[in-house]
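Undergrad: Pasting a structure here, questions to come.
Protein chains in written order, with my numbering: chain A, 1 to 414; chain B, 1001 to 1266.
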């Protein structure tokens, strides 16, 4: 559970010469803007809402925000995978609802213990994705259409699974605990410190292997600077979630919520998969040039089918988290704006709609933006009409930035 | 430099290759041979059969008849994989690179080096080893690329072509086919690619350059093989011939009587 992988990949994709600042400027000039706009956007949102309502940047509200985005963030990780290969999955909301519904029925109606109920729900998501992926790649039907059909079909399946009950209230300790438990303060600090330490060791180890092989390696100073940034980024939130956030103070409420840990673990695991393993390399290759990948001997169809299967599995996981957080699944689980928020989160976070570019971290950043807007508007008691319009505008800006930087890259490439 | 080919054995040899598409006789009893340390210029007008011949060599097409001999042994090449396994690589005009990946990732695409983290369970791509080998290899070929970690999208056309060629020869290739390697390249970039071709010959490869550009063909090749209407109509020793002769062979001006009916006879 650490953030070393993200940093590592950034470290390696940077040029081999020059200072960090120059590398950054060079990448910007090439239209390689990455997560910069979204980080600026987050700061802007935080400042605006904090001025409008001083309750926005409080430990209580920030922790709530992180728990609120855990479900959409998880689903968005799957959307990132699908976008990376240049496809789309419109069924993620419906699949998350259906799989949460299955979990509810298994747990409450059939009395299955929590862990198998959750595992079965994830398996159902996996099989759904396998089916859709197979249909898309083997029958050559556009993913847009297949998953649109899935969007309708799985919604119907949810209603069928729930039957006349309508709403199932979850009561299993494990299931409810997934999103409603707080880690003891010392556990949060331990995990955070371990993450920073692992990052530092991995980073130093990489530079040592590089210099041993005679490759250009970064200076000790650069590694330490990165380590300091990572320590702030990791331990800062841990500190915020470790102070007592109960405003009345009669019963202290402290500790990192498990939902946050689950979301981060998923993001880090899938970042590792996409950036460090052979499978992940092929996912990027398929998104950047399917024909080139095929000629290189990569089984493009298999990569694609697996991406859809993983995406639906993550949708199921998001559905489980949402059900857990709300103590219930009902006919509208996974409906409403879940689908659009998940896709918007991936895109706003900086994953390209055009395939081949992105990171699972964009799921977190995009979900934070969308979540922060919703959360801030709620604090200010705005109507959802305003929230929808503002989220829409942010999405529009994000996609425009994506299209612009893509055009810029092509221009520079010529 | 008049080398005596007859004393050497060709690394790749085709004998009597014919290929028909419906009514079109694309190739008719074509013989073809490449030696090591040799650059062949394969020329011909549009529809002369160059592409078909290349696709037969690279395993994309199966010929209707004829022999495929590699390193003196008759072999069956029915898929691109068969050709690759023999050490025959083709670099097509539309570059087979993933633009969103960096140079190292492209050089190793499909053949990544894996470093075991948990033996038998979890392995990660060994970026350091791959970068080191790529650095050596690229240096050996004198390919100039700003950084091996730059994405291919940020490279110039000539650099991309160089990466594509480097990728093709990186894996113990013995014969490399280059389809229009200098098309759409500027003067300086064309020179880069031609220098690279010459260096590949020095490394002992057999190289086939398919090109419309006779200037480039004369610059890099040792022999020129001319196809016309699906037949091999002429072979020139590059250093003992001039472009006019080659053009005459391509257009059929000099060999005008050659079975003008075979091209379309059905």
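The beta carbon of each residue, even a glycine, is placed where N, CA and C say it ideally should be.
Can you tell me which of the three DSSP states residue 1236 of chain B falls into?
TA: On the second chain, position 236 is the one that residue 1236 of chain B refers to. Here residue 1236 of chain B sits in strand by DSSP.
Undergrad: Taking just the CA atoms, how far does residue 286 of chain A sit from residue 85 of chain A?
TA: As a first step, residue 85 of chain A must be located in the first chain, where it is residue number 85. As a first step, residue 286 of chain A must be located in the first chain, where it is residue number 286. Approximately 6 Å, taken between the alpha carbons.
Undergrad: May I ask which residues mark the beginning and end of the beta strand (DSSP E) holding residue 1223 of chain B?
TA: In the second chain, residue 1223 of chain B corresponds to position 223, counting from 1. Its beta strand (DSSP E) spans residues 1223-1228.
Undergrad: Counting only the same chain and skipping the five closest in sequence on each side, list residues whose C-beta sits under 6 Å from that of residue 200 of chain A.
TA: On the first chain, position 200 is the one that residue 200 of chain A refers to. Same-chain partners within the cutoff: 227.
Undergrad: Per DSSP, which residues does residue 1131 of chain B bridge with? Please list them.
TA: Taking the second chain and counting its residues from 1, one reaches residue 1131 of chain B at position 131. Answer is none; residue 1131 of chain B lacks a bridge partner.
Undergrad: Quick one: what's residue 1166 of chain B bridged to in DSSP?
TA: Translated into the one-based positions of the second chain, residue 1166 of chain B becomes position 166. Its beta-bridge partners do not exist; DSSP assigns none.
Undergrad: Sort B/1237, B/1062, B/1088 and B/1087 by Cα distance to residue 1076 of chain B and report the nearest one.
TA: Position 76 of the second chain, counting from 1, holds the residue named residue 1076 of chain B. Checked all of B/1237, B/1062, B/1088 and B/1087; the closest Cα to residue 1076 of chain B is B/1062.
Undergrad: Restricting to runs no shorter than 4 residues, where is the alpha helix (DSSP H) found entirely within the segment 153-181 of chain A?
TA: 173-180
Undergrad: How close, in whole Å, do the beta carbons of residue 259 of chain A and residue 368 of chain A come, if the pair is a contact with beta carbons under 8 Å?
TA: Reading the first chain from its first residue, position 259 is the one you call residue 259 of chain A. Reading the first chain from its first residue, position 368 is the one you call residue 368 of chain A. Your pair residue 259 of chain A and residue 368 of chain A does not check out as a contact, with CB atoms roughly 14 Å apart and the cut at 8 Å.
Undergrad: Output the residue ranges of the beta strand (DSSP E) runs that lie fully inside the segment 274-334 of chain A and measure 3 residues or longer, sorted by chain position.
TA: none
Undergrad: Give the residues from the segment 185-215 of chain A that approach chain B closer than 9 Å (Cβ to any Cβ), ordered along the chain.
TA: 206, 209, 210, 212, 213, 214 and 215
Undergrad: Classify residue 1186 of chain B as helix, strand or coil using the three-state DSSP reduction.
TA: To locate residue 1186 of chain B, count along the second chain from 1; it is residue 186. Looking at residue 1186 of chain B - three-state DSSP - the assignment turns out to be coil, as it is neither helix nor strand.
Undergrad: Expressed to the nearest angstrom, what Euclidean distance is found between the alpha-carbon atoms of residue 304 of chain A and residue 87 of chain A?
TA: Counting from 1 along the first chain, the entry for residue 304 of chain A is found at position 304. Counting from 1 along the first chain, the entry for residue 87 of chain A is found at position 87. Using only the alpha carbons, I get a separation of about 9 Å.
Undergrad: If you drop the 5 nearest sequence neighbours on each side, which residues of the same chain put their C-beta closer than 6 Å to that of residue 341 of chain A?
TA: For this step, residue 341 of chain A is matched to residue 341 along the first chain. Answer for residue 341 of chain A: 72 and 370, listed in chain order.
Undergrad: Contact criterion: CB-CB distance below 9 Å. Does residue 1082 of chain B meet it with respect to chain A?
TA: Counting from one through the second chain, the residue named residue 1082 of chain B turns up at place 82. It does not: the Cβ of residue 1082 of chain B has no partner Cβ on chain A nearer than 9 Å.
Undergrad: When we look at the beta-carbon of residue 1144 of chain B and count the other beta-carbons within 10 Å, is it buried (16 or more) or exposed?
TA: Here residue 1144 of chain B refers to the residue found at position 144 of the second chain. Taking all protein chains shown into account, residue 1144 of chain B has fewer than 16 neighbouring C-beta atoms within 10 Å of its C-beta and is therefore exposed.
Undergrad: Mind checking residue 47 of chain A: buried by the 16 CB within 10 Å criterion, or exposed?
TA: Taking the first residue of the first chain as 1, we reach residue 47 of chain A at position 47. So residue 47 of chain A ends up on the exposed side.
Undergrad: Determine, for residue 1008 of chain B, whether the minimum Cβ-Cβ distance to residues of chain A falls below 9 Å.
TA: For the purposes of this step, residue 1008 of chain B is taken as residue 8 along the second chain, with counting starting at 1. With 9 Å as the cut-off, residue 1008 of chain B does not count as an interface residue toward chain A.
Undergrad: Does the CB of residue 87 of chain A have a neighbour CB from chain B at under 9 Å?
TA: In the first chain, counting from the first residue as 1, residue 87 of chain A sits at position 87. For residue 87 of chain A, the answer is no, since every Cβ of chain B falls outside 9 Å of its Cβ.
Undergrad: Would residue 1112 of chain B pass as a contact of residue 1158 of chain B if the rule is Cβ separation under 9 Å?
TA: Residue mapping note: residue 1112 of chain B aligns to position 112 of the second chain, counting from 1. Residue mapping note: residue 1158 of chain B aligns to position 158 of the second chain, counting from 1. No, they are not a contact pair.
Undergrad: Looking at the structure shown, is residue 1082 of chain B part of a helix, part of a strand, or coil, going by DSSP?
TA: The count along the second chain starts at 1 and reaches residue 1082 of chain B at position 82. Reduced to three states, the DSSP call for residue 1082 of chain B is helix.
Undergrad: Would you identify the three-state DSSP class for residue 1117 of chain B, choosing helix, strand or coil?
TA: Reading the second chain from its first residue, position 117 is the one you call residue 1117 of chain B. DSSP places residue 1117 of chain B in strand when its eight states are reduced to three.
Undergrad: Helix or strand or just coil, what does DSSP make of residue 383 of chain A?
TA: Numbered from 1 along the first chain, position 383 holds the residue referred to as residue 383 of chain A. Residue 383 of chain A: coil per DSSP, three-state reduction.
Undergrad: Note down, in chain order, all residues in the segment 347-376 of chain A with a beta-carbon under 7 Å from any beta-carbon belonging to chain B.
TA: 356 and 357
Undergrad: Going by CA-CA distance only, name the one from A/230, A/168, A/185 and A/183 that's closest to residue 195 of chain A.
TA: Along the first chain, read from residue 1 onward, the residue named residue 195 of chain A stands at position 195. Closest option to residue 195 of chain A, Cα to Cα, is A/230.
Undergrad: What number of angstroms, rounded off, separates the C-alpha of residue 292 of chain A from the C-alpha of residue 1096 of chain B?
TA: Taking the first chain and counting its residues from 1, one reaches residue 292 of chain A at position 292. Taking the second chain and counting its residues from 1, one reaches residue 1096 of chain B at position 96. Near 4 Å, if we compare the C-alpha coordinates of residue 1096 of chain B and residue 292 of chain A.
Undergrad: Exposed or buried, which one is residue 400 of chain A when buried takes at least 16 other CB atoms within 10 Å?
TA: As a first step, residue 400 of chain A is located in the first chain; it is residue number 400 there, counting from the start. Exposed.
Undergrad: Can you find a C-beta in chain A that's less than 9 Å from the C-beta of residue 1057 of chain B?
TA: Stepping through the second chain from its first residue, residue 1057 of chain B is reached at position 57. It does not: the Cβ of residue 1057 of chain B has no partner Cβ on chain A nearer than 9 Å.
Undergrad: I want to see whether chain B comes within less than 9 Å of residue 298 of chain A, judged by CB atoms only; does it?
TA: By one-based count along the first chain, residue 298 of chain A stands at place 298. Residue 298 of chain A counts as touching chain B.
Undergrad: Mind listing which residues of the segment 1130-1150 of chain B have their C-beta closer than 8 Å to chain A's C-betas, in chain order?
TA: 1131, 1132, 1135, 1146, 1147, 1148, 1149 and 1150
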